[in-house]
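As structure tokens, the structure follows; a few thoughts come after it.
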Amino acid sequence: MASGKEVGLWQFRGPLRGSFGALSYEPRNFVTVTSHRVWSKFSSRMECSSQRPTLIIQAVMAETIFLLRSGIFRLIISFLHLVYSGLEHFDKAWALFKRKLERRFHLRVRDSESYVSDFVTTLKKCPSHLAVITGTEKVNFEDFSNLVIWCLAAGISYISFYDCTGYLKDNKEIYFKYLVNNKKLDPNYVSFSSNMNGVRNGCKKNGFKRKIHVNILSIEDGKPLFVKLVKNLWGKALSSEINAVDINERLIDEEMHNMIGFIDPELAIICGRVQSTFGFLPWHIRLTEFLQIPTIENINVSEFTSILKRYSMCNQRFGT
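Going by my numbering, the residue at position 250 of the sequence shown is 252; the numbering climbs one at a time, nothing skipped.
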């Protein structure tokens, strides 16, 4: 093909040598050139060329690049994003509607405690530590209190709420007061923690055996805490308090658990449609089972027991 000739919507410069690197084009008026004209010019030149497959590939690639640079492609992407967002919001609204409808036929929270206690007896296993990753959602007082009460009824010793925004940790006192006052929960049955130094709320002086430990975590308790620990260990090594050769995975694991003050979570619930851990305790989730729910808003007791049942049915081989 001679140099500078037209093919459809583009003007080729230089010989087509079978590689896209030898092809340069200039997009012409996309509106005025009809598809019939494009095909007629393109087909007439293809008949005279011995490099027909190569020209087809080059023309398709050139057309794709032109569409990528035009506003049409952006319009299509925006439309698809709008449709996807609409479907996502509709799905969440439908889930909330079903929860509100089901709540009318379910027992009250106080009555549901005995239901949860009886239900866990039918399970093969039940987690000792349940983590709730709120993700992009905000947990209201009612859902927060219900989850704590249901975990207490199920015999779960630890429940951790992880909020990467830090909202829960900033308002921890309000949540705890709502749990005790509005739900009439005896504070002797709950240990409330929002820091990593082991100091917890609850009745410790009289030696009462705590039933459930509620932990409020934020992004600061994830990677930043791990970095802080490693720096502390390295500082001790420089000051000869410990040997550098003794800094290994086992030592870090022991120090991390001493700082956190609770066992690794066996089950973590991710709330929302985003499939992410949001930076949740990267050192403590090696054996954690992750389950996802559409939203935490208006969660009912049947969904809670369904989550426990799904966890009970999971077969964890622990690398064997």
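C-beta: ideal position from N, C-alpha, C; glycine also.
All values reported here derive from a predicted model rather than from experimental measurement.
Option in the options with minimal Cα separation from residue i
i: E1; options: A61, N190, I265, R275; result: Because the chain spans 3 through 322 in this model, residue 1 falls outside it and cannot be assessed.
i: V182; options: H215, S147, S159; result: S147
i: I298; options: L77, L231, C166, V134; result: V134
i: D248; options: V232, K140, G263, M261; result: V232
i: G263; options: G168, F121, S162; result: S162
i: Y191; options: L170, C166, I158; result: I158
i: T279; options: L149, T136, L170, G168; result: T136
i: D113; options: Y313, S308, M315, N302; result: N302
i: Q294; options: S308, C273, F282; result: C273
i: T160; options: S195, K126, G168, N142; result: Before going further, note that residue 160 is Tyr rather than Thr in the sequence given. With distances taken between Cα atoms, Y160 lies closest to S195.
i: L187; options: K174, K225, L154, A246; result: L154
i: I265; options: Q277, L283, S308; result: L283
i: V118; options: K225, G237, I151, K140; result: I151
i: M315; options: F292, K174, L125, I254; result: L125
i: L289; options: R312, K140, L269; result: L269
i: N142; options: E256, L132, Y180, A156; result: Y180
Paired residues, beta bridge with residue i - DSSP
i: F292; result: A270
Environment of residue i [buried if 16+ CB atoms lie within 10 Å]
i: L310; result: buried
i: Q318; result: exposed
i: P129; result: buried
i: F92; result: exposed
i: D223; result: buried
i: S5; result: For S5, the predicted model reports a pLDDT of 45, less than 50, meaning its position is unreliable and no value from the coordinates is stated.
i: E28; result: For E28, the pLDDT reaches just 44, beneath the cut-off of 50, and the residue's location in the model is therefore unreliable, although a value from the coordinates is still provided. With fewer than 16 other Cβ atoms within 10 Å, it is exposed.
i: D172; result: exposed
i: I271; result: buried
i: Y86; result: exposed
i: L170; result: buried
i: D165; result: buried
i: L324; result: The chain is shown only over 3 to 322; residue 324 falls outside these bounds and no answer can be derived.
i: F306; result: buried
i: D120; result: exposed
i: A95; result: exposed
i: L240; result: exposed
i: N217; result: buried
i: H324; result: No answer is possible for residue 324: the residues shown for the chain start at 3 and end at 322.
Span of the beta strand (DSSP E) around residue i
i: V134; result: 131-135
Segment limits, alpha helix (DSSP H) that includes residue i
i: N260; result: 251-262
i: V303; result: 303-315
Mind listing, in chain order, the continuous beta strand (DSSP E) runs of no fewer than 3 residues lying wholly within the segment 145-229? Whole beta strand (DSSP E) segments, 3+ residues: 160-164, 192-195, 214-219.
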